[in-house]
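Asks: Input: one structure, supplied below.
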Amino acid sequence: MEFSHKAIEKKWQVIWKKNNAFATKDNSDKKAYILDMFPYPSGAGLHVGHTKGYTATDIYSRFKRLNGYDVLHPMGYDAFGLPAEQYALKTGNDPRDFTIKNIEVFRTQLEKMGYSYDPNKEVITSDPNYYKITQQIFIKLYKKGLAEIRNVNVNWCPELGTALANEEVINKDGKMISEVGGFEVFKKPMRQWVLKITDYAERLLKGLDNIDMPKSIKDLQKNWIGKSEGAIVEFDVKNSEKKLNVFTTRIDTIYGVTYLVVAPENEIVSELTTEDNKKDVDEYVSKTLSKSDIERQDESKPKSGVFIGSYAINPITKEEIPVWISDYVLNDYATGVIMAVPAHDPRDWEFAKKFKLPIKFVLKADDESKAFIGKSEYINSKLIEGMDVIKAKDILIKFLAEYKKASVKVNYKLRDWLFSRQRFYGEPFPVAFDNNQNIVLLEKSLPVELPKTDYIKPSGTGESPLANIKDWLNIEVDGKKLVRETNTMPQSAASSWYHLAYILAKAPNQFTDLESPEAMKLFKKWLPVDLYIGGQEHAVGHLLYIRFWHQVLFDLGIVPTQEPFNKLINQGMVLDNNGTKMSKSKGNVVNPDDIIESHGADALRLFIAFMGPIEASLQWSEDGLDSSRKWIDRVYRMINTFEITNKNDGSLEVAYNKMVKNFGQMINDYKFNTAISQLMVFVNEVYAQQKPIYIEYLKNFLIMLSIITPHVCEELWEKLNQKGSVCDQTWPKFDESKLIENTVTIAVQINGKLRATFKVNRGTKSPELLKTAKLIDLIKNQLEDKTLIKEIAVPDRIVNFVIK
């Protein structure tokens with residue numbers, strides 16, 4: 002017996018919506034804040050990859066509600082960004098108009114999947130009420146000294162007319178191209194807003210100990226932050242007042258420094274380059290700016306560089322050493338200058354060999370035909386010979402510190418967050434400038450809204466399109482003429498606090514004031530997020546930024562927790578039926594709308610949940626989808642065709658209690674696929690027994706199954722004449738004493754070989770076991786005319802006859 006999934010699913014979605022079934026409640030001391038990484042509302046709509054994570058959070062949200070928790074399970078839309086702006090430029094549409102249309106499509110698709118999001122908590126990051134708070138938080142960052150304007154080398158894309166963050170640039174055949182559009186990108190110095198995330202580097206590292214997240218994510222964040230302990234060493238420059246500061250973790254090898262290498266884009270290069278070397282240096286710098294950091298760090302490529310004509314003085318040996326530039330040194334790591342010890346660094350060795358620079362061993366090596374990087378005793382190092390590494394470093398730092406040439410330093414690879422974009426479609430900065438370029442915060446004018454305009458083309462000057470809108474650009478505040486900031490914030494700004502926006506939302510895009518007592522009460526109730534599910538690709542972008550903003554807001558006394566979330570799970574990808582990643586360019590993307598039409602949302606939800614762990618990638622399978630639908634049909638048929646009774650004959654007691662116990666434990670441990678198998682075992686037992694089913698077992702079975710396939714369970718709940726919604730019931734309990742079978746199977750052996758089995762009540766004594774075994778025809782025949790040497794009976798296990 003099949004059912005019409007289209008009619009049933011639509012029916013219950015309408016009822017849920019009408020009854021506001023998934024509104025966030027405030028009835029319990031127990032809370033569960035369960036959060037998805039919200040989507041960018043593209044014109045393509047949802048694909049099945051989205052459903053992998055969204056189905057998992059929905060299952061867990063429904064489970065927690067049924068267990069008496071107040072659940073906050075929201076959804077919103079990350080609506081600003083470059084893709085929307087590019088589409089607007091192509092079509093001539095206002096990005097705000099089609100973004101809202103796209104959101105309507107997404108919202109409908111989510112409803113069709115039966116997801117239990119609270120519609121009252123919906124947020125859209127491009128709504129002025131939302132980005133008013135984004136601007137408010139920016140002002141707080143500025144006042145705390147964490148936001149400033151700098152001239153920095155950015156990833157500039159002329160075609161897109163904007164600077165791009167490192168994560169928005171990809172390396173292709175040694176060239177930098179934009180992730181959006183695949184356009185050429187190169188380095189260019191520009192005036193940019195920067196957030197000083199590096200001030201929180203140590204906190205971001207230590208905070209990882211308090212979050213339950215995959216080790217791979219923790220390792221990615223640790224490596225991205227890149228803490229290293231060492232020293233800053235100051236090198237004098239011959240015939241100059243300038244100094245070159247070097248960060249090193251191996252000051253103990255300073256006796257082996259034979260040259261310095263400066264990042265080509267470092268400002269000091271032009272100051273130290275001699276006239277004879279200027280042409281070569283300028284050409285090299287220009288070439289370097291067209292290379293990505295990945296290409297520059299590629300150790301398989303031949304080393305290149307140019308001597309700038311200046312010499313530094315090694316502070317320990319007093320030897321003159323040449324100063325070079327090379328693209329393998331990055332300007333935004335440490336000081337942008339390295340001390341080269343070619344005898345003990347393969348990269349420096351290759352460079353020194355190529356340019357015939359001196360190589361001096363300061364660690365004893367048996368083979369001096371290549372760089373030695375192991376442990377050994379110091380040589381050619383007068384002050385530290387005979388010491389271990391720790392003592393040697395300490396002695397050298399103290400010695401050079403007496404001459405103000407060294408100091409202890411902790412360094413991080415983490416770079417400050419480039420926070421401005423030369424785009425139209427982003428949050429405007431709440432900032433203006435007076436005639437002297439002094440910054441004026443527009444605190445009384447929040448939100449600073451984007452102007453209505455059809456002209457959003459890049460200005461071509463490096464400024465955003467907002468620079469062209471003069472009536473928006475030029476303002477007067479308190480009698481002062483000001484010019485607005487024309488850069489906009491990056492897309493990552495809005496997602497750095499959206500977990501708080503859901504808590505503050507009173508209605509769609511209507512918020513409680515961020516700093517009100519009511520907000521703090523809400524934050525104390527709901528923070529931190531208990532379960533956060535999203536992709537690993539956000540490890541060193543969003544997942545760092547959201548932690549940074551949250552920690553700042555904690556320091557400001559706005560939120561009560563130091564970290565935004567307790568547990569993070571990275572859902573696996575959904576691959577096509579060949580095991581290939583789905584993508585629009587390959588034409589292998591599966592639209593959930595098509596599956597909902599053909600098989601139903603419940604079948605898709607069941608398939609997604611059953612086909613493997615959340616963290617594992619899932620290979621799309623039409624057969625698997627068909628099987629999921631057939632199993633739902635089997636459940637529907639079971640409840641519609643089997644006799645249902647109010648009397649419990651005990652025949653399903655063990656199977657039922659095992660199911661309740663195992664299913665609940667496995668859902669709580671996020672093992673949804675193995676949990677579902679427990680339901681399947683129970684259904685198989687029902688069919689195998691072919692007896693009337695106890696009504697309470699059926700009801701509780703539907704309550705549990707409803708977290709996976711809610712529509713059909715609501716329908717069957719109604720068919721059982723039960724009151725209310727299956728989603729509003731109480732999670733069933735199991736009886737520990739009923740988890741063990743009352744009967745056991747006894748194996749009967751003759752001379753150690755299995756000949757038969759029989760069932761008896763658990764605990765049956767040995768004499769009774771022997772008596773029963775001898776009554777079995779097969780055993781009786783084999784014992785006849787034989788000498789019985791020994792008979793053994795082990796209660797609840799085995800009977801063995803030894804004959805001759």
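Take the sequence shown: its position 136, counted from the start at 1, is 137 in our numbering, and no numbers get skipped.
Glycine included, each C-beta is placed from N, C-alpha and C at the ideal position.
Roughly how many whole angstroms lie between the Cα atoms of Glu296 and Asn267?
Replies: 18 Å
Asks: From the DSSP output, in three-state form, read off Pro529 for me.
Replies: Three-state result, Pro529: coil.
Asks: Using beta-carbon positions only, say whether Lys392 and Ile380 come within less than 8 Å of one another.
Replies: no
Asks: Taking DSSP's pairing of strands, which residues face Asn475 in a bridge?
Replies: Val484
Asks: Since Pro466 and Val449 should fall inside the 8 Å C-beta cutoff, what is the C-beta to C-beta distance between them, to a whole number of angstroms?
Replies: Not really, about 16 Å apart at Cβ, beyond 8 Å.
Asks: If Phe236 and Pro323 are in contact, beta carbons under 8 Å, what's the gap, nearest whole angstrom?
Replies: At roughly 12 Å, the Cβ-Cβ gap does not stay under 8 Å, so Phe236 and Pro323 are not in contact.
Asks: Taking the Cβ atom as the reference point for each residue, do Trp13 and His500 lie within a distance shorter than 8 Å?
Replies: no
Asks: Taking the straight line between their C-alpha atoms, what separation do you get for Ile645 and Ala520?
Replies: 50 Å
Asks: Since Leu794 sits in a beta bridge, which residues does DSSP pair it with?
Replies: Residue identity differs from the one stated: residue 794 is Ala in this sequence, not Leu. For Ala794, which the question treats as bridged, DSSP gives the partners Val800.
Asks: Among the residues of its own chain, which have a CB less than 8 Å from the CB of Leu699, if the five just before and after it don't count?
Replies: Ile640, Ile645 and Leu721
Asks: Three-state secondary structure (DSSP) at Ala506?
Replies: In the structure shown, Ala506 sits in a strand (DSSP, three-state: E or B).
Asks: Does the Cβ of Met411 have 16 or more other Cβ atoms within 10 Å, making it buried, or fewer, making it exposed?
Replies: Position check: residue 411 holds Val in this sequence, whereas Met was assumed. Under this definition Val411 is an exposed residue.
Asks: Measure the C-alpha to C-alpha separation of Gln193 and Leu703 and round it to an integer number of angstroms.
Replies: 57 Å
Asks: Excluding the five sequence neighbours on either side, which residues of its own chain have a C-beta within less than 7 Å of the C-beta of Glu180, listed in chain order?
Replies: Around Glu180: Glu169, Val170 and Ile171.
Asks: I need the boundaries of the beta strand (DSSP E) containing Tyr379, first residue and last residue.
Replies: Neither: Tyr379 is in no beta strand (DSSP E) and is coded neither H nor E.
Asks: Could you please give me the residues that DSSP links to Tyr34 through a beta bridge?
Replies: Leu73
Asks: What is the residue span of the beta strand (DSSP E) that Leu784 lies within?
Replies: No beta strand (DSSP E) contains Leu784, which is instead part of the alpha helix (DSSP H) from Asp778 to Leu784.
Asks: Are the CB atoms of Gly337 and Val263 within a distance shorter than 8 Å?
Replies: yes
Asks: Got a sec? Which residues, its chain only, sit under 8 Å from Ser767 by beta carbon, not counting five neighbours each side?
Replies: Ala794, Val795 and Pro796
Asks: Taking 8 Å as the cut-off, does the segment 422–440 touch the segment 211–221 (at least 3 CB pairs, one atom from each stretch)?
Replies: no
Asks: Taking all protein chains shown into account, do 16 or more other C-beta atoms lie within 10 angstroms of the C-beta of Asn782, making it buried, or fewer, making it exposed?
Replies: exposed
Asks: Taking C-beta to C-beta, are Gly665 and Trp732 nearer than 8 Å?
Replies: By the CB criterion at 8 Å, Gly665 and Trp732 fall inside the cutoff.
Asks: Between which two residues does the beta strand (DSSP E) holding Ile255 run?
Replies: Counting along the chain, Ile255 falls outside any beta strand (DSSP E), and DSSP gives it neither H nor E.
Asks: Which one of Leu442, Ala502, Ser493 and Pro518 has the shortest CA to CA distance from Arg485?
Replies: Ranked by how close their Cα comes to the Cα of Arg485, the residues Leu442, Ala502, Ser493 and Pro518 have Leu442 in first place.
Asks: Should Asn121 and Ala508 be called a contact, given that it needs their Cβ atoms to be closer than 8 Å?
Replies: yes
Asks: State the start and end residues of the unbroken beta strand (DSSP E) segment that holds Cys728.
Replies: Per DSSP, Cys728 belongs to no beta strand (DSSP E) and is neither H nor E.
Asks: If you check the beta carbons only, do Gln222 and Leu532 fall under 8 Å apart?
Replies: no
Asks: Could you please give the first and the last residue of the uninterrupted alpha helix (DSSP H) stretch that includes Pro323?
Replies: Where Pro323 is concerned, there is no enclosing alpha helix (DSSP H), although the beta strand (DSSP E) it sits in stretches over Glu321 to Ile326.
Asks: Beta-carbon within less than 8 Å of Ser377's beta-carbon, same chain only, minus the 5 sequence neighbours each way: which residues are those?
Replies: Leu364, Lys365 and Ala366
Asks: Leaving aside the five residues before and after Leu83 along the sequence, list all residues of the same chain whose C-beta is less than 6 Å from its C-beta, in chain order.
Replies: Val181
Asks: Take every Cβ of the segment 241–261, pair it with every Cβ of the segment 583–598, and state whether three or more of those distances are shorter than 8 Å.
Replies: No, because fewer than three Cβ pairs between the segment 241–261 and the segment 583–598 fall closer than 8 Å, the two stretches do not touch.
Asks: Give the range of the beta strand (DSSP E) segment to which Phe608 is assigned.
Replies: Phe608 -> not in any beta strand (DSSP E); alpha helix (DSSP H) instead, spanning Ala602 to Phe611.
Asks: Quick check on DSSP: helix, strand or coil for Phe39?
Replies: coil
Asks: Which residue wins for smallest C-alpha separation from Val330, given the options Asn20, Lys292 and Pro265?
Replies: Pro265
Asks: In the DSSP assignment, what are the bridge partners of Phe566?
Replies: Answer is Val530.
Asks: Of all the options Ile457, Arg638 and Phe673, which has the alpha carbon lying nearest to the alpha carbon of Val687?
Replies: Arg638
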